[in-house]
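To start, the structure under review is shown below, and the notes come after it.
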Amino acid sequence: MSDEVQPKKILIAQQDATDREFVRTFLEVIGGYEVIEALSGVDLIRKLRLQPHLILLDTQMKGDILRALELMARAPTLEHTAIAILSYEQTKIRVCLEKGADGFIIKPFSPDALLAKIWKVLGAEQPESTAEVAFTRNFKKQLTKIENLPTLPSVYAEVDRICQNPDVAAEELSRAIEADPPITLKLLKLANSAFFGFTRRIRTVKDAVSLLGNQAVRNAILNIAIYEATKGLDASAGLNKKLFWAHSAGCGSIARFLNQKLKLNREDSFTAGIIHDMGKIILDALYADYYGEVLRVVEQRGLSVRDAEAQVLGLDHGSIGLELAAHWRLPDELLDAISHHHTPSRAEKDPQIAALIHVSDALCRKYKVGSGGDDVVPEVDPKALERLGLTPENLAEWQAEILETVSRDKAIMAVLN
5 MSDEVQPKKI LIAQQDATDR EFVRTFLEVI GGYEVIEALS GVDLIRKLRL
55 QPHLILLDTQ MKGDILRALE LMARAPTLEH TAIAILSYEQ TKIRVCLEKG
105 ADGFIIKPFS PDALLAKIWK VLGAEQPEST AEVAFTRNFK KQLTKIENLP
155 TLPSVYAEVD RICQNPDVAA EELSRAIEAD PPITLKLLKL ANSAFFGFTR
205 RIRTVKDAVS LLGNQAVRNA ILNIAIYEAT KGLDASAGLN KKLFWAHSAG
255 CGSIARFLNQ KLKLNREDSF TAGIIHDMGK IILDALYADY YGEVLRVVEQ
305 RGLSVRDAEA QVLGLDHGSI GLELAAHWRL PDELLDAISH HHTPSRAEKD
355 PQIAALIHVS DALCRKYKVG SGGDDVVPEV DPKALERLGL TPENLAEWQA
405 EILETVSRDK AIMAVLN
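5 is the number of the first residue of the sequence shown in the working numbering; add one for each residue after it.
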């Protein structure tokens with residue numbers, strides 16, 4: 005094995021071919037660096053898998069640069085990668101720094117100024133700089149919000165606040181819901197659907213509250229609010245929204261079925277299923293330029309969406325889903341359903357809900373209910389079954405009932421639409 009020190013990698017993301025050629029040649033010949041070139045925002049994201057030590061990002065490059073910075077600030081694989089902005093414009097530099105860039109070089113710049121800036125970050129005289137950069141970027145991530153996240157209808161926040169009091173009167177809760185007529189109408193449609201299975205007609209919100217209970221109504225309002233909040237996200241990288249929602253609702257139905265069978269007393273089981281993959285919706289809509297590459301890798305290589313996200317973006321939909329949950333101020337008990345439905349053994353706050361959604365998601369995929377974006381059927385973690393008190397024999401025995409439940413619960417999508 006050679007003891008020769010490998011040159012550090014610098015990824016240059018510049019649109020102008022002349023500028024790019026000059027910087028590349030100078031850094032290779034004079035600086036002794038290994039240089040990688042990116043010709044667009046999509047190409048930049050694609051080449052992050054090469055794990056450069058430094059990214060030089062020109063604000064004139066084609067693509068949504070700010071969205072690219074949001075993604076890079078959240079990618080664990082890039083926590084030791086510095087990002088320097090190249091720009092003529094002070095305004096653009098300031099915005100990029102707010103999005104997580106570590107430094108800047110004002111154009112036009114001299115070769116000496118460029119090399120001095122790079123040495124400051126990567127030079128042997130400052131071996132601690134990479135760790136400092138990682139700390140700074142992690143700190144900035146905490147302060148940097150994803151722009152234009154959808155907002156839940158305000159009625160949910162009020163309903164959630166009221167339901168914190170277990171003794172709240174049905175009249176007070178009903179008045180809060182009735183302040184939003186469209187959601188009131190959907191709640192009544194849902195209460196009268198096969199999802200709840202009441203034999204008599206429910207005509208008022210007060211009736212629904214009295215029959216369902218405060219927490220069931222709260223969860224129903226949240227389910228409706230989630231759909232309402234995201235239906236206006238028009239941009240898309242190509243994720244099939246109809247199949248996505250069928251998968252989410254199917255996962256919720258299976259979770260609700262298992263909750264009842266196992267007597268887990270989880271009134272949030274259906275909601276946890278609905279919300280578990282919401283990070284995909286955000287990535288597909290707000291990062292369409294870059295998520296298209298993820299979907300292309302899924303189709304061409306047969307990978308799961310999660311594996312393709314890790315390869316292309318260096319993160320997964322679970323982490324983005326957690327930011328959405330924080331933005332919406334969702335209950336803490338739903339967080340592990342979002343972040344750990346693929347890895348239930350890592351759940352710390354609520355391993356039960358993580359295990360429940362893990363199993364439900366796997367069954368939903370096995371039974372081909374909708375689509376989470378790929379055709380991969382994951383193996384069920386035996387420890388998740390153990391935590392729930394389940395066996396493979398139970399699942400085989402209940403298969404017909406599960407499929408019947410999923411079919412019946414399709415009524416909720418008719419209500420939401």
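Glycine included, every Cβ here is placed at the ideal spot set by N, Cα and C.
Specify the secondary structure class of residue i as computed by DSSP and reduced to three states.
{"i": "Glu102", "result": "helix"}
{"i": "Phe26", "result": "helix"}
{"i": "Lys13", "result": "strand"}
{"i": "Gly107", "result": "strand"}
{"i": "Val363", "result": "helix"}
{"i": "Glu271", "result": "coil"}
{"i": "Glu297", "result": "helix"}
{"i": "Ser91", "result": "strand"}
{"i": "Val425", "result": "Residue 425 is absent from the model: the chain starts at 5 and stops at 421."}
{"i": "Val419", "result": "helix"}
{"i": "Glu383", "result": "coil"}
{"i": "Asp288", "result": "helix"}
{"i": "Leu60", "result": "strand"}
{"i": "Ala21", "result": "helix"}
{"i": "Glu401", "result": "helix"}
{"i": "Glu74", "result": "helix"}
{"i": "Glu38", "result": "strand"}
{"i": "Ala86", "result": "strand"}
{"i": "Lys246", "result": "helix"}
{"i": "Gly254", "result": "helix"}
{"i": "Ala276", "result": "helix"}
{"i": "Leu226", "result": "helix"}
{"i": "Ser133", "result": "Confidence is the limiting factor: at Ser133 the pLDDT is only 46, short of 50, which leaves the residue's position unreliable, though a coordinate-based value still follows. Ser133 falls in the helix class under three-state DSSP."}
{"i": "Met282", "result": "helix"}
{"i": "Gln55", "result": "coil"}
{"i": "Phe261", "result": "helix"}
{"i": "Ala239", "result": "coil"}
{"i": "Lys66", "result": "coil"}
{"i": "Ser214", "result": "helix"}
{"i": "Pro112", "result": "coil"}
So the candidates are the options; which of them puts its Cα closest to the Cα of residue i?
{"i": "Ser308", "options": "Ala229, Val363, Asp378 and Ala358", "result": "Asp378"}
{"i": "Asn244", "options": "Asp164, Asp62 and Ser375", "result": "Ser375"}
{"i": "Leu61", "options": "Glu32, Phe108, Val99 and Leu31", "result": "Phe108"}
{"i": "Pro170", "options": "Val33, Thr203, Ile187 and Ala220", "result": "Ala220"}
{"i": "Ala418", "options": "Val163, Lys246, Ala88 and Asp20", "result": "Lys246"}
{"i": "Leu237", "options": "Thr63, Met282 and Leu360", "result": "Met282"}
{"i": "Pro11", "options": "Ser158, Leu191, Ile228 and Leu126", "result": "Leu126"}
{"i": "Phe200", "options": "Ala314, Gly67, Leu339 and Glu271", "result": "Glu271"}
{"i": "Pro154", "options": "Ala330, Ser343 and Gly254", "result": "Ala330"}
{"i": "Pro409", "options": "Pro386, Arg98, Leu367 and Lys387", "result": "One detail in the question is off: residue 409 reads as Thr in this sequence, not Pro. Nearest C-alpha to Thr409: Leu367."}
{"i": "Trp249", "options": "Tyr92, Asp365, Asp68 and Ile16", "result": "Asp365"}
{"i": "Asn421", "options": "Asn223, Leu191, Ile258 and Ser273", "result": "Leu191"}
{"i": "Leu215", "options": "Leu189, Ala241 and Ser178", "result": "Ser178"}
{"i": "Val298", "options": "Glu313, Gln304, Tyr291 and Leu290", "result": "Glu313"}
{"i": "Ala351", "options": "Asp340, Thr234 and Met76", "result": "Asp340"}
{"i": "Leu290", "options": "Ile89, Ala195 and Ile69", "result": "Ile69"}
{"i": "Trp402", "options": "Lys265, Ser44, Val381 and Tyr295", "result": "Lys265"}
{"i": "Val302", "options": "Glu176, Asn269, Glu390 and Val380", "result": "Val380"}
{"i": "Leu156", "options": "Asn269, Thr203 and Ala229", "result": "Ala229"}
{"i": "Ile406", "options": "Asn263, Gln304 and Arg98", "result": "Asn263"}
{"i": "Pro335", "options": "Asp23, Val316 and Leu226", "result": "Leu226"}
{"i": "Glu337", "options": "Ser343, Asp354 and His344", "result": "Asp354"}
{"i": "Glu162", "options": "Ile150, Ala180 and Arg204", "result": "Ala180"}
{"i": "Arg50", "options": "Tyr295, Arg165, Ala77 and Glu176", "result": "Tyr295"}
{"i": "Ile87", "options": "Gln94, Thr95, Glu74 and Asp116", "result": "Glu74"}
{"i": "Leu43", "options": "Thr29, Glu32 and Leu15", "result": "Leu15"}
Can you tell me the Cβ-Cβ gap for residue i and residue j, rounded? I've got them flagged as a contact below 8 Å.
{"i": "His346", "j": "Arg310", "result": "6 Å"}
{"i": "Gly35", "j": "Ile122", "result": "7 Å"}
{"i": "Pro348", "j": "Asp385", "result": "6 Å"}
{"i": "Gln422", "j": "Asp106", "result": "The first residue shown for the chain is 5 and the last is 421, placing residue 422 beyond what the model contains."}
{"i": "Ser273", "j": "Ala259", "result": "4 Å"}
{"i": "Ala183", "j": "Val213", "result": "That belief does not hold up - the Cβ atoms of Ala183 and Val213 are roughly 14 Å apart, past 8 Å."}
{"i": "Ala233", "j": "Ala292", "result": "Between Ala292 and Ala233 the Cβ distance is about 18 Å, and since that is not below 8 Å, they are no contact."}
{"i": "Ala359", "j": "Ala388", "result": "4 Å"}
{"i": "Asn223", "j": "Val172", "result": "Asn223 to Val172, Cβ: 15 Å. No contact."}
When the Cβ atoms of the stretch 42-62 are set against those of the stretch 78-93, are three or more pairs found closer than 8 Å? yes
Let me know the alpha helix (DSSP H) ranges lying completely inside the stretch 135-210, each 4 residues or longer, listed in chain order. 158-167, 174-182 and 185-195
Runs of alpha helix (DSSP H) lying entirely within the stretch 304-379, each at least 4 residues, in chain order: 309-316, 321-332, 339-343 and 355-370
Counting Cβ pairs closer than 8 Å, one from the stretch 320-337 and one from the stretch 276-290, do we hit at least three? yes
Hey, is the stretch 111-121 in contact with the stretch 183-197, meaning 3+ C-beta pairs nearer than 8 Å? no
Does the stretch 387-405 come close enough to the stretch 356-364 to have 3 or more Cβ pairs within less than 8 Å? yes
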